[in-house]
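Protein chains in written order, with my numbering: chain V, 4 to 119; chain P, 1239 to 1400.
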Amino acid sequence: MSTLLTDEDLAERYGQLVTLDQLTRWFGQSARAVRARLRANGVRTIEIGDQEFVQVAVLEAMLGLENQTVLAGQVMAQRHRAWLVTHPDGRRKTVAELQADVAREAVARRAAIARS
Amino acid sequence: MSSSRPCLIDTNVFIWIRDRDLDPFKYVGSADLAISDTIATELQGPLPADHPIVLANWALARRMGGQVVDDTDVETGRLAEEIEARYQRHDPPPDDPADALIAAAAIRSGRVLITRNWKDFHYVAGLEFVDARVPAAEDLLVNVGIQRGNLDSPCCRRARRP
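Structural data, given as structure tokens:
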């Protein structure tokens, strides 16, 4: 088994990156202005070749862009997935067991969607 | 521009659309959207049927056209089990029956799976999917593009060969 990290592994481990060029287009400001604002807020850019990168999570924290609703939704989704695929005793469900659980309330859920 | 390409909206993308108050048709770029019974079950989770989040989920599902793909049948179950068995040499191997059922439902219904969970779907042959983690304001089908599941895709240098 290879121990090399893929680009997907890297993004998962270190967070997604955005280039300074993308930020300047988004803000409609010069690269100099965006770089100055980042530095003033203590945000490090990563320089590689002729590109500068910023971690998206760091940028969001700096700008106060974290969406609390979104974060709460993600946490709830993780809880629901664990509930969906795991028996109360912690065993992972088989496909057949999961299908049986899903089928139990499927008609009621479809009806609820139809009348909402 | 919306196409009529049928799509299956994975739970994580459904939540993404809901919490960002996006127009699902514009965001995906298709006029034919659906969830599956497994996805609906996951969306409700252990919450009571009258919980505000559950009601918000069903309202969005209804706004998306109200289509629910039945993935509780024998054939879909069999395909999901095949998917779990066939990719045991992938590293990491599939270990989530819900992902297997969602992939099987997308394949059997001929729908493109719109998902943020590339990791657990990218190697499933016969599956067409869109990696919704790629930033795009709208029309994922065109702006991000449809990928086909393939064990030889770049990550799969980690696949254990038999």
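A virtual CB, placed ideally from N, CA and C, is assigned to each residue, including glycine.
- The beta carbons of P:S1274 and P:A1343 sit closer together than 7 angstroms.
- At least one C-beta of chain V is nearer than 7 angstroms to the C-beta of P:I1253.
- Bridge partners of P:D1369 according to DSSP: P:T1353.
- The secondary-structure analysis by DSSP pairs V:I51 across a beta bridge with V:Q54.
- Between V:V73 and V:Q19, the CB-CB gap reaches or exceeds 7 angstroms.
- The Cβ-Cβ distance between P:I1277 and P:T1310 does not fall below 7 angstroms.
- Interface with chain P (7 angstroms Cβ-Cβ cutoff): V:T72 is included.
- With fewer than 16 other Cβ atoms from the protein chains shown falling within 10 Å of its own Cβ, V:N44 counts as exposed.
- Close partners of V:G76 in chain P (Cβ separation under 9 angstroms): I1253, W1254, R1256, D1257 and I1291.
- In the structure shown, V:V61 adopts helical secondary structure according to DSSP, grouped into three states.
- With its beta carbon less than 7 angstroms from one in chain P, V:I116 belongs to the interface.
- Using beta-carbon distances, V:R40 does not count as an interface residue toward chain P, since no partner is under 7 angstroms.
- Contact between P:T1314 and P:R1349 does not hold, since their C-beta atoms are separated by about 12 angstroms, which reaches or exceeds 8 angstroms.
- Taking CB atoms only, V:L13 has no neighbour in chain P less than 7 angstroms away.
- Just so you know, the alpha carbons of P:G1303 and P:A1287 end up roughly 20 angstroms apart.
- Taking 7 angstroms as the CB threshold, P:T1310 lines the interface with chain V.
- The shortest C-alpha to C-alpha distance from P:L1365 to any of P:I1321, P:V1312 and P:V1266 is the one to P:I1321.
- For V:L101, at least one C-beta of chain P is nearer than 7 angstroms to its own C-beta.
- For P:V1306, the nearest CB of chain V lies under 7 angstroms from its own CB, placing it at the interface with that chain.
- Nearest neighbour of V:V21 by Cα position, chosen from V:R47, V:A106 and V:V78, turns out to be V:R47.
- By the Cβ criterion, the region 1330-1338 of chain P is in contact with the region 1352-1367 of chain P, since at least three pairs of Cβ atoms, one from each stretch, lie closer than 8 angstroms.
- By the CB criterion at 7 angstroms, P:L1271 and P:I1291 fall outside the cutoff.
- About 6 angstroms separates the beta carbon of P:I1255 from that of P:Y1265, a gap short enough to meet the 8 angstroms contact definition.
- P:P1335 is positioned such that its CB atom lies closer than 7 angstroms to that of V:L101.
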